[in-house]
Amino acid sequence: MLSLKTSPNTISINRLRLKSQQTHFSNPQTKTQDDGIPIDLVKTLVKFKSRHNFIRVLQVSRKADHPFAGSRLLLLDGPGNIHSISFLFKSLTDTYFDVFATLPPILPPGPLGILGFGAGSAARLILELYPQGVIHGWELDPAVISVAREYFGLSKVEKQYPDRLFIYIGNALNASVKDGFSGILVDLFSKGCLIPKLQDPMTWEKLKKSLRKGGRIMVNVGGSCVEAEDSRRDGKVIMEESLEAMHKVFPGKVSVLSLGNRKDDSCIALTGELPDIDEWKKALPKSLRTHRDEQSWGRQYACDVLMSVFFIETVVNCFSFILYF
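Take the sequence shown: its letter number 289 is residue 298 in this note's numbering, and every next letter is one higher.
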C-alpha cells in the first residue's frame, strides 16, 4: 500500500514511495516515486464510496516524467494510499508487488493465498511468472473486485487462468484450502493502516495453522511512511506491534525487508528460516533476478548483535533484510 498526496498543481506520491526507492542511483536528475506528477497528467477514471472504502482509480499519462508514467492506480482511503498498480505494456511494477512475486521459489508445492487481493497486482505477476502457480485470493470489498475487473483487467486474467485463480469475497483471516497453503501473502490495510487483528498473536497462530509443512508467510507491514486516516495511528508503531505479534508465533524466524535506504521506508516481513540468498536468486524468473545494473547479493552485519543485515539487489533496487533472533 502506498500513499498519494495532492497539492494544487501536482499529485505527489511521497509517503510509501511505492515501497521501492530509486534514490540510491548517482544521477541527481533521476526521477523517483517521491516526485510530484503535474495534475493535468493524472485523470480520475472513477470515484465513489463503497461500504468499506473510498475508491478511486487514477490514470497517469505516459507523458509524465515519473516512474508511474502509463500506470493505473487504485486508491482505497482518504489519505490516498495506493493499493494496486498496473501498467499497460509491462508486468513488473518496481514496487513491493514485485517482491511478493519472489516468494514462490522458496515454498513447497501447493496453492498460494493472497489476503487483501485488491485489484490483483501480485496475483497477475505470479500467474505470469510461474506457470504452475495456483492462487486463492480474498478481498473484503466486492466493489474493489468489480473495479478490478473493469479497470485493471482482472476479468481477462480470470478468463486466462480459470483453473489457477480463485477469488473470494469475505474476511481474509478466515481463508483456508484443503491440505493448507504453501504460502500466504498478507496485504491487509484499512483506513490507511494495518488492520488491528495483525497486532494480535492469535491471528498469526491461525494463519500458521493454515500453512502446509514448510509453508511461509510474506507480509506487507507498512511503516512510518504509511498515512492513516486517523493521525493518532502511527505507521511505525503499528508495524512494530505487528512484527512483535509475529515474533511470538514464529520466534527467531521473522525476517524484515526494508524497501529503501531511509528510516521511514516501508517493510516486508517473511516467516521461516531465511533461505540461502544466492540459491533463492537463482531460482527466480530471470526478470526478477535483475533490475538495471546486475549486482550480486551480499551480506553485512549491523552493530546491534540481535540483528544480521542482508543487502540484496533484486527487482526493486537495494533492500536490507533484518533477521530477528
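A virtual CB, placed ideally from N, CA and C, is assigned to each residue, including glycine.
The distance from the Cβ of Leu-163 to that of Ala-128 is about 6 Å, consistent with a contact at the 8 Å cut-off.
Less than 8 Å separates the beta-carbon of Tyr-160 from that of Arg-81. Fewer than three Cβ pairs drawn from the region 253-270 and the region 135-155 lie within less than 8 Å of each other, which leaves the two stretches out of contact. Here Arg-65 is bridged, per DSSP, to Lys-56, Leu-84. DSSP places Lys-290 in the uninterrupted alpha helix (DSSP H) bounded by 286-292. For His-92, the secondary structure class from DSSP, reduced to helix, strand or coil, is strand.
Considered as a whole, the region 170-233 harbours 210-218 as its complete alpha helix (DSSP H) runs of no fewer than 4 residues, in chain order.
A distance below 6 Å between beta-carbons, with the five flanking residues on each side excluded, links Gly-122 to the following residues of its chain, in chain order: His-145, Ala-184, Phe-190, Ile-193. Just measuring C-alpha positions, the residue of Leu-85, Lys-200, Thr-212, Asp-285 sitting nearest Val-156 is Leu-85. For Gly-232, the closest of Gly-223, Glu-250, Lys-215 by C-alpha to C-alpha distance is Glu-250.
Counting only residues of its own chain and dropping the five nearest sequence neighbours on each side, Gly-281 has a CB closer than 7 Å to the CB of Arg-225, Lys-262. Straight across, the Cα-Cα distance linking Val-66 with Asn-229 is about 21 Å. Rounded to the nearest whole angstrom, the CA to CA distance from Gly-223 to Pro-113 is 12 Å. From the listed residues Tyr-177, Gly-89, Ile-286, Thr-111, the smallest Cα separation to Phe-63 is found for Gly-89. Residue state for Pro-140 is assigned as coil, using DSSP reduced to three classes.
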